[in-house]
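Here the structure is laid out as structure tokens; the discussion comes afterwards.
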Amino acid sequence: DGMSENHWSIYLLLEGGRASVRMNMRAAEYESITGILEVIGYNYLLSTSALRYWDFTMASGVTVGKIK
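Whatever position you read off the sequence shown (first residue = 1), add 2 for the working numbering.
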């Protein structure tokens, strides 16, 4: 069907360790080469459907507002 089976979602863990925000690209419509970026908040840290995950430690004091 031409759709990728190598799908990645990025979870950003929120300060306090009780919630996360998922960034996910999905197809705009069937057979489209463009996509829609979804940003959704969740009340958990890790997805139960993840096959694999990696943790990357942020530098101290980095916030979304400071990233340009």
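Ideal Cβ positions, reconstructed from N, Cα and C, are used throughout, including at glycine. No experiment lies behind these values; they were computed from the predicted model shown.
In the three-state reduction of the DSSP assignment, glycine 43 falls in the strand class, which pools E and B. In this structure methionine 27 touches glycine 37 by the C-beta definition: roughly 4 Å separates them, less than 8 Å. By the CB criterion at 9 Å, leucine 39 and leucine 15 fall outside the cutoff.
Between tyrosine 32 and valine 23, the gap from beta carbon to beta carbon reaches 9 Å or more.
Judged by DSSP secondary structure, alanine 29 falls within the beta strand (DSSP E) whose first and last residues are 22-29.
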